[in-house]
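Q: Positions 10 to 469 (our numbering) are the ones given, in order, by the sequence shown. There's a structure below that I have some questions on.
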Amino acid sequence: MTSPTSITVTTAPNPGAVAVIQLHGQGAVGVLGELTQCKDWPTGRMKLVHMAGVDRGLAGVLRTGSNAVAQLMPHGGVRVVGAIVEKALSLGAALDPSPLPRDLYPEARSELEADMLWALAQAQSSAAVDLLPIQVALWENAVMHGEIDWDRVTKNTTALDRLIEPATVAVVGKPNVGKSTLTNALLGRDVSVTADLPGTTRDWVCCLAELHGIAVRWVDTPGVRVSDDMIEQQAIEVARGVVASADMLIAVRDGECDWPDARSLPREPNVWVVNKCDRGQAENCAPPSARPPVKMTDGPGTGGPADGGTRSARGTRISPLRVSALTGEGLEALTRRVIEQLGLASFPVAVHPPPSSEGGAGGGCLGRPHTHPLPQPLPLKGEGRHSVAPPQQAPQQAPQQAPQQAPQQAPQQAPQQAPQQTLQQQTPLWAFSPRIKQLVSQRDLAGLRTYASPSTSAIE
Ligand SMILES: Nc1nc2c(ncn2[C@@H]2O[C@H](COP(=O)(O)OP(=O)(O)OP(=O)(O)O)[C@@H](O)[C@H]2O)c(=O)[nH]1
Ligand SMILES: [Mg+2]
Numbered sequence: 010m011t012s013p014t015s016i017t018v019t020t021a022p023n024p025g026a027v028a029v030i031q032l033h034g035q036g037a038v039g040v041l042g043e044l045t046q047c048k049d050w051p052t053g054r055m056k057l058v059h060m061a062g063v064d065r066g067l068a069g070v071l072r073t074g075s076n077a078v079a080q081l082m083p084h085g086g087v088r089v090v091g092a093i094v095e096k097a098l099s100l101g102a103a104l105d106p107s108p109l110p111r112d113l114y115p116e117a118r119s120e121l122e123a124d125m126l127w128a129l130a131q132a133q134s135s136a137a138v139d140l141l142p143i144q145v146a147l148w149e150n151a152v153m154h155g156e157i158d159w160d161r162v163t164k165n166t167t168a169l170d171r172l173i174e175p176a177t178v179a180v181v182g183k184p185n186v187g188k189s190t191l192t193n194a195l196l197g198r199d200v201s202v203t204a205d206l207p208g209t210t211r212d213w214v215c216c217l218a219e220l221h222g223i224a225v226r227w228v229d230t231p232g233v234r235v236s237d238d239m240i241e242q243q244a245i246e247v248a249r250g251v252v253a254s255a256d257m258l259i260a261v262r263d264g265e266c267d268w269p270d271a272r273s274l275p276r277e278p279n280v281w282v283v284n285k286c287d288r289g290q291a292e293n294c295a296p297p298s299a300r301p302p303v304k305m306t307d308g309p310g311t312g313g314p315a316d317g318g319t320r321s322a323r324g325t326r327i328s329p330l331r332v333s334a335l336t337g338e339g340l341e342a343l344t345r346r347v348i349e350q351l352g353l354a355s356f357p358v359a360v361h362p363p364p365s366s367e368g369g370a371g372g373g374c375l376g377r378p379h380t381h382p383l384p385q386p387l388p389l390k391g392e393g394r395h396s397v398a399p400p401q402q403a404p405q406q407a408p409q410q411a412p413q414q415a416p417q418q419a420p421q422q423a424p425q426q427a428p429q430q431t432l433q434q435q436t437p438l439w440a441f442s443p444r445i446k447q448l449v450s451q452r453d454l455a456g457l458r459t460y461a462s463p464s465t466s467a468i469e
């Protein structure tokens, strides 16, 4: 090997039909030549070649020079890819553990577009599929004309980041009020055991739920009560940590059993739900008396109320939602309220279910949980059933900050019905990468221009 080359596997480390391995740097073409025993690489032409003696697939040089890029597309076996990478390393290439989006997406026209593509790859919500790609044109347009509403972008970004990294929503309440039944109904599949027996749920359960195209980490928790069952008490204690770090709390009660004791909660819930309304006995179920009013301020987090509570902007308490997890009544309103509390109600959202072996056309939308089960979501960090021993930490990804301020005017419409504008009428909504966030925080228009301007080295 003659000059530095880095190697990156750009596809996920799972079995698949095809994988993509990228070589970067001045030595990329040389390493490709050694790997394939083929020396003739016209730029932009893919060839079917042998790779490191282990596979046969397409390869090509996308760019030459000091910033050269070459790609190999072997079959997507984990060991096949490993063998090719190993051979490249023996030829002097160095594994790049954290490649820049600009290197991962040589076809991106600008650093802005590369960061958008990276954000799109990370995004857990199908809503991001529509909102992220249009940001590139909106930013290009805005920086060209110097028309950026800095405050608006900053404010939107806190909410929209939830489309990449989902918020954690924890369901809390006393035993047997229907938390697990509600969880199963909202997810459209049975993830939690339910029974007419207080103390059924022990270990907290976390699953990805998609509410009108917006992914949330939905956490079902054990009902809080005092008992002499040590294992149950340990499970409650473990769940307490998860609840403390959740972005949103949904308190559940039924017609008989009261709200969770405030002392068992880290803060006031964002949403209050009276379950089992099909039984028709849910009278006098107002949430417990208010804590001292907390000043409403904007802040990082979800755009929810600063006190984590269910108050309107004037500080009046919003009435609890009446639902039936059994019949599905009220679940659509609950879905909307969660989205409002996340600060995402005003964004146009379309639903793009992930590819699934279960089919699931029309899935991903909560309006019909009983008739259209959600497609099985992809596994998540922190997803699954969590044992009480050894004690679990709260999900690492969950921001520590409580939801902050309620949207001043929560739209009454479902997100899908938000008014659509043409691209020209819109301004950028979202600073979706660390770099663009930094430039926005510094109000750096010149920096943004450079960041958004098309690069001549982009691959056509
Ligand atoms: N009628 C009616 N029954 C419900 C409803 N939701 C739940 N149930 C029943 O209430 C019982 C308890 O439900 P669960 O979902 O297990 O309650 P939980 O709050 O998870 O209970 P723990 O795990 O013990 O904390 C079950 O028999 C459910 O079928 C509802 O909306 N209506
Ligand atoms: Mg339960």
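Heads up, the beta-carbon is just placed ideally off N, CA and C, and yes, glycines get one too. Fair warning: this is a prediction, and the values are worked out from it, not measured in the lab.
1) Out of D160, V87, S328, point me to the one whose CA is closest to L24's CA.
2) Is the stretch 229 to 249 close to the stretch 138 to 148, with three or more CB pairs under 8 Å?
3) Output the boundary residues of the alpha helix (DSSP H) element that contains G113.
4) Nearest CA to the CA of S135: which residue from L217, T190, E95, E156?
5) Whose CA, out of V283, L438, V252, I16, lies closest to the CA of S107?
6) Under a Cβ-count criterion, where at least 16 other Cβ atoms within 10 Å of its own Cβ denotes burial, should S7 be classed as buried or exposed?
7) Given 7 Å as the limit, tell me if G182 has its C-beta closer than that to any heavy atom belonging to ligand 1.
8) I'd like to know whether the C-beta atoms of L57 and K96 end up nearer to each other than 8 Å.
9) Using the C-alpha atoms, what's the distance from R118 back to Q422?
10) Using 8 Å as the cut-off, can you tell me whether the stretch 206 to 213 makes contact with the stretch 158 to 173, which would need three or more C-beta pairs spanning the two stretches below that distance?
11) For the pair the stretch 186 to 196 and the stretch 258 to 272, tell me if three or more CB-CB distances fall below 8 Å.
12) Quick check: does the Cβ of S236 come within less than 7 Å of any heavy atom belonging to ligand 1?
13) Is it right to say G36 is buried, meaning 16 or more other beta carbons lie within 10 angstroms of its own, or is it exposed?
14) Using a Cβ-based criterion (distance less than 7 Å to any ligand heavy atom), does P278 qualify as near ligand 1?
15) Taking the alpha carbon of F356 as the point to measure from, which residue in R288, T192, A137 has its own alpha carbon closest?
16) Here's the rule: buried if 16 or more other CB atoms are within 10 angstroms of the residue's CB, otherwise exposed. What is V449?
17) Thinking C-alpha only, which one of V180, Y114, P13 is nearest P269?
18) Tell me which residue opens and which closes the alpha helix (DSSP H) that A146 is part of.
19) Is it the case that the CB of S333 approaches a heavy atom of ligand 2 more closely than 7 Å?
20) Does the Cβ of T209 lie closer than 7 Å to at least one heavy atom of ligand 1?
21) Please specify which runs of the beta strand (DSSP E), each continuous and at least 3 residues long, are wholly inside the stretch 69 to 117, giving them in chain order.
22) Less than 7 Å separating the Cβ of D212 from some heavy atom of ligand 1?
23) I need the boundaries of the beta strand (DSSP E) containing K56, first residue and last residue.
24) I think R507 touches V178, with their Cβ atoms under 8 Å apart; what is that distance to the nearest whole Å?
25) State the beta-bridge partners of E219 as determined by DSSP.
26) Contact defined as beta carbons within less than 8 Å: I believe G85 pairs with V27. What is the distance between those atoms, to the nearest angstrom?
27) Throw me the rounded Cβ distance for the Q133 and A68 pair, which I believe falls under 8 Å.
28) Under a three-way DSSP split, which group does I445 fall into?
29) Give me the residue from L454, A461, A440, E341 with the minimum Cα distance to L196.
30) Is A203 close to ligand 2? I mean its beta-carbon at under 7 Å from any heavy atom of the ligand.
31) Keeping to the same chain, check which residues put their C-beta closer than 8 Å to that of I173; ignore five residues upstream and five downstream.
32) Along the alpha helix (DSSP H) that carries W127, what are the first and last residues, could you check?
33) What separation, rounded to the nearest whole angstrom, lies between the Cα atoms of K446 and T459?
34) Cβ of D199 within 7 Å of any heavy atom in ligand 2?
35) Just tell me which of L126, Q46, G74 has its CA closest to the CA of L100.
36) Tell me whether G264 counts as near ligand 1, meaning its Cβ is closer than 7 Å to at least one heavy atom of that ligand.
A: Per the coordinate set shown:
1) It should be noted that the sequence gives Pro, not Leu, for residue 24. Per the Cα distances, V87.
2) no
3) Note on residue identity: the sequence assigns Leu, not Gly, to residue 113. Looking at the DSSP string, the run of the alpha helix (DSSP H) that includes L113 is 110 to 113.
4) L217
5) Comparing Cα-Cα distances from S107 to each of V283, L438, V252, I16, the minimum goes to I16.
6) Coverage of the chain is limited to positions 10 through 469, which leaves residue 7 absent and any answer about it impossible.
7) yes
8) no
9) Reliability fails at Q422, whose pLDDT of 43 lies under 50, so the model's placement of it is uncertain and no value is given.
10) no
11) yes
12) Not so, every heavy atom of ligand 1 lies at least 7 Å from the Cβ.
13) buried
14) For ligand 1, not one heavy atom lies less than 7 Å from the Cβ of P278.
15) The shortest C-alpha separation from F356 is found at A137.
16) buried
17) Of the candidates V180, Y114, P13, the one whose C-alpha sits nearest the C-alpha of P269 is V180.
18) Looking at the DSSP string, the run of the alpha helix (DSSP H) that includes A146 is 137 to 154.
19) no
20) Checking the Cβ of T209 against ligand 1 gives yes.
21) Annotation: the stretch 69 to 117 contains the following complete segments of the beta strand (DSSP E) (minimum length 3 residues), in chain order: 78 to 82.
22) No.
23) Its beta strand (DSSP E) spans residues 55 to 60.
24) The displayed coordinates of the chain run from 10 to 469. Any statement about residue 507 would go beyond what the structure contains.
25) A224
26) Taking 8 Å as the upper bound for CB-CB distance, G85 and V27 are in contact here, some 5 Å apart.
27) Going by Cβ atoms, the distance from Q133 to A68 rounds to 32 Å, so no, they are not a contact pair.
28) helix
29) Residue E341 is the option with its Cα nearest to L196.
30) The sequence given here has Thr at residue 203, not Ala. Correct: T203 has its Cβ closer than 7 Å to ligand 2.
31) Closer than 8 Å at Cβ, skipping near neighbours: A128, Q131, A132, Q133, S134, A137, F441.
32) First-last of the alpha helix (DSSP H) with W127: 120 to 131.
33) 15 Å
34) no
35) Taking only the C-alpha atoms, the option nearest L100 is Q46.
36) no
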